[in-house]
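*Asks:* Residue numbers for the sequence shown follow the numbering used here, beginning at 47 and rising by one.
We treat Cβ as the ideally placed atom computed from N, Cα and C, and that holds for glycine.
Being a predicted model, the structure only gives us computed values, none of them experimental.
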Amino acid sequence: MTSNNFQNIEIRVGKIITVKEFPQTIKPAYKLWIDFGKLGIKKSSAGLTKLYIPQDLVGKLILAVTNLPLRQVANFMSEVLVLGVVMEHGEVALIQPDRDVPIGLRIL
């Protein structure tokens with residue numbers, strides 16, 4: 047991968063506004079609705095159930111790849127890829143800005 051390849055990936059700051067259980071998935075996951083400011087509200091399926099409960103995710107700033115093709119997960123279209131660290135036992139810890147920043151900004 048070159049630095050040009052990396053620059054083609056759009057990673058943006060979003061704020062989770064709605065979280066719903068997603069029992070139709072093979073691996074436990076939540077349905078997320080994320081506000082990206084001018085980019086609008088995008089949906090994502092994310093396997094965050096081991097470390098997070100829905101009410102604790104609402105309002106969190108997250109990082110997500112926003113320019114990948116849509117991906118169907120069960121009966122849900124995932125529009126962005128939420129970024130997280132996969133730990134030893136499959137837990138996913140969100141990658142987040144370390145301070146309050148405007149939503150929709152692109153990570154460089």
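Taking L151 as the reference, which of F68, G86 and I72 has the closest Cα?
*Replies:* For the residues F68, G86 and I72, the minimum Cα distance to L151 belongs to G86.
*Asks:* What's the C-alpha gap between V119 and D146?
*Replies:* Going by the C-alpha atoms only, they are around 30 Å apart.
*Asks:* Can you give me the start and stop residues for the alpha helix (DSSP H) that Q53 sits inside?
*Replies:* Element bounds for Q53: S49 to Q53.
*Asks:* Which residues mark the beginning and the end of the beta strand (DSSP E) in which D102 is found?
*Replies:* It is not in any beta strand (DSSP E) - D102 instead sits in the alpha helix (DSSP H) that spans P100 to L103.
*Asks:* Out of H135, V138, E134 and V111, state which residue places its alpha-carbon closest to the alpha-carbon of E125.
*Replies:* Looking at the Cα atoms, V111 is the closest of the given residues.
*Asks:* What residues are listed by DSSP as bridge partners for K61?
*Replies:* K61 pairs with D81 and L107.
*Asks:* Give me the residue from Q53, N121, Y76 and V65 with the minimum Cα distance to T95.
*Replies:* Checking every option, the nearest Cα to that of T95 belongs to Y76.
*Asks:* Looking at the unbroken beta strand (DSSP E) that takes in A139, where does it start and where does it end?
*Replies:* Per DSSP, A139 belongs to the beta strand (DSSP E) from V138 to L140.
*Asks:* If we ignore side chains and look at the alpha-carbon of each, how far apart do K71 and G60 end up?
*Replies:* Correcting the residue identity first, residue 71 is Thr in this sequence and not Lys. Cα-Cα distance, rounded: 23 Å.
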